[in-house]
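Engineer: For what it's worth, our numbering labels the leading residue of the sequence shown as 526, then goes sequentially. For glycine and all other residues, C-beta sits at the position ideal for the given N, C-alpha and C. These numbers come from a predicted model, not from an experiment.
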Amino acid sequence: MDLNSDLGEGFGAWKMGDDDAMLDIVTSANVACGFHAGDPSVMRRVCERAAERGVVIGAHVAYRDLAGFGRRAMDVAPADLADDVLYQIGALDVFAKAAGTRVRYVKPHGALYNTAAVDPEQAAAVVEGIRRFHPALALLCPPGSEMAEQAEKAGLPAYAEAFADRAYTPEGLLVSRKLPGAVLHDADEVADRAVTMATTGKVVTADGTELAIRPHSLCVHGDTPGAVELAQRIRAGLGASGVHIGSFLEAA
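Here you go:
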């Protein structure tokens, strides 16, 4: 099972999360590309440290929304969105290559992730931006989503992601952050959910029903309070359950 986290989300003098500590735990790093967070120095530093630790680098692309941390819905024309995605991947790949590695996959962030999960046009635009960069570059997205479907149509490899620290609706969507209980903070609960998803392919939703999910990768948000402890507990729980920890791309 792959463990991923959203990293490099500082900007200038403003810090977000503990990138160094998370890079000692996760196997994949979704690095902000400057549209919702991140700047050239942050991108360089995270890429260098990920490369040193053998952590796979992914481009965490977003709507152009620094003020809203990429969590505000935006009406972006599909052609413009495809260009924005391509631009962000290229920007991060320069720093990854300077660190002796490269961008291996793409994961949308925040509002773009949620919108492209259900909107065919936005999903197709994300896929087109990735395809223009490289037709074999992987997409990390929700299972059964519009992104996964559009990737399949375009011949782009797509891998299923699940969130250990987020609540799910019965439809398989993430509970809105505007609602109570959307983000989970109890380390025992989060670790147990992660192990259950990895070993059974199921998760209990917000209304108590079971949802089939079968992820290739589990995400712990780097900006969640106590994220390092959550990630440590998840990794320990997976190891204790006999689950091998490694990049979803290496497993493929």
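Any idea if residue 704 is buried or exposed, counting beta-carbon neighbours within 10 angstroms, 16 or more meaning buried?
Structural biologist: Position 179 of the sequence shown, counted from the first residue, corresponds to residue 704. Residue 704 is exposed by the Cβ-count criterion.
Engineer: If you run the structure through DSSP and keep just helix, strand and coil, what is residue 718?
Structural biologist: By one-based count along the sequence shown, residue 718 stands at place 193. Residue state, collapsed to three classes: helix.
Engineer: Smallest Cα separation from residue 589: which of 545, 637, 620, 579?
Structural biologist: By one-based count along the sequence shown, residue 589 stands at place 64. The shortest Cα separation from residue 589 among 545, 637, 620, 579 belongs to 637.
Engineer: Look up residue 582 in the DSSP assignment and say whether it is helix, strand or coil.
Structural biologist: Along the sequence shown, read from residue 1 onward, the residue named residue 582 stands at position 57. Strand.
Engineer: Confirm the yes/no value for this check: CB of residue 711, any heavy atom of the ligand FMN, distance under 7 Å.
Structural biologist: In the structure shown, the ligand FMN is absent, as is every other ligand, since no ligand is present at all.
Engineer: Given that a residue counts as buried once 16 or more other Cβ atoms are within 10 Å of its Cβ, and exposed if not, what is residue 690?
Structural biologist: In the sequence shown, the residue the question calls residue 690 occupies position 165. So residue 690 ends up on the buried side.
Engineer: Report all residues from its chain with a CB closer than 8 Å to the CB of residue 643; omit the five preceding and five following residues, and keep chain order.
Structural biologist: If you number the sequence shown from 1, residue 643 lands on position 118. 670, 671, 698.
Engineer: Looking at C-alpha atoms only, which residue of 641, 558, 685, 773 is the closest neighbour of residue 727?
Structural biologist: Here residue 727 refers to the residue found at position 202 when the sequence shown is read from its first residue. The candidate whose alpha carbon is nearest that of residue 727 is 685.
Engineer: Can you tell me whether residue 758 is buried or exposed? The criterion is at least 16 other CB atoms within 10 Å of its CB, across all chains shown.
Structural biologist: Here residue 758 refers to the residue found at position 233 when the sequence shown is read from its first residue. So residue 758 ends up on the buried side.
Engineer: Could you tell me which whole beta strand (DSSP E) segments of length 3 or greater appear in the segment 684-731?
Structural biologist: If we require 3 residues or more, the beta strand (DSSP E) runs fully inside the segment 684-731 come out as 727-729.
Engineer: With DSSP run on the structure shown, which of helix, strand or coil describes residue 629?
Structural biologist: Along the sequence shown, read from residue 1 onward, the residue named residue 629 stands at position 104. DSSP places residue 629 in strand when its eight states are reduced to three.
Engineer: Where are the beta strand (DSSP E) runs, 3 residues long or more, that stay fully inside the segment 565-609, in chain order?
Structural biologist: The segment 565-609 contains these whole beta strand (DSSP E) runs: 581-586.
Engineer: Terminal residues of the continuous alpha helix (DSSP H) containing residue 663?
Structural biologist: Looking up residue 663 in the sequence shown gives position 138. Here residue 663 belongs to no alpha helix (DSSP H); instead the beta strand (DSSP E) covers 663-666.
Engineer: Does the pairing of the segment 733-744 with the segment 533-550 give three or more beta-carbon distances under 8 Å?
Structural biologist: Not touching, per the Cβ criterion.
Engineer: Please state the DSSP three-state secondary structure of residue 643.
Structural biologist: Against the sequence shown, residue 643 aligns to sequence position 118. Residue 643: helix per DSSP, three-state reduction.
Engineer: Relative to the C-alpha of residue 563, which candidate in 599, 579, 542 has its C-alpha closest?
Structural biologist: Walking along the sequence shown from the start, residue 563 turns up at place 38. Checking every option, the nearest Cα to that of residue 563 belongs to 542.
Engineer: To the nearest whole angstrom, what separates the beta carbons of residue 556 and residue 617, a pair I think is in contact under 8 Å?
Structural biologist: The count along the sequence shown starts at 1 and reaches residue 556 at position 31. The count along the sequence shown starts at 1 and reaches residue 617 at position 92. Contact flag correct, Cβ pair sits at about 6 Å.
Engineer: Straight-line CA distance for residue 680 to residue 659?
Structural biologist: Residue 680 sits at position 155 when you count from the first residue of the sequence shown. Residue 659 sits at position 134 when you count from the first residue of the sequence shown. For residue 680 and residue 659, the distance between alpha carbons rounds to 11 Å.
Engineer: Excluding five sequence neighbours on each side, which residues of the same chain lie with their C-beta closer than 8 Å to the C-beta of residue 713?
Structural biologist: Here residue 713 corresponds to residue number 188 of the sequence shown, with the count starting at 1. Excluding sequence neighbours, residue 713 sits near 758.
Engineer: Could you pull the start and end residues of the beta strand (DSSP E) that residue 743 belongs to?
Structural biologist: On the sequence shown, position 218 is the one that residue 743 refers to. Residues 742-744.
Engineer: What separation, rounded to the nearest whole angstrom, lies between the Cα atoms of residue 668 and residue 720?
Structural biologist: On the sequence shown, position 143 is the one that residue 668 refers to. On the sequence shown, position 195 is the one that residue 720 refers to. Residue 668 and residue 720: Cα-Cα distance of roughly 18 Å.
Engineer: Go through its chain and collect everything with a Cβ distance to residue 734's Cβ below 7 Å, but skip five positions before and after it.
Structural biologist: Taking the sequence shown and counting its residues from 1, the one referred to as residue 734 is at position 209. Counting only Cβ-Cβ distances below 7 Å, and skipping sequence neighbours, we find 695.
Engineer: What residues in its chain sit with their C-beta under 6 Å from that of residue 692, if we drop five residues either side in the sequence?
Structural biologist: In the sequence shown, residue 692 corresponds to position 167, counting from 1. Excluding residues within five positions, the ones whose Cβ falls inside 6 Å are 700, 706, 707, 731.
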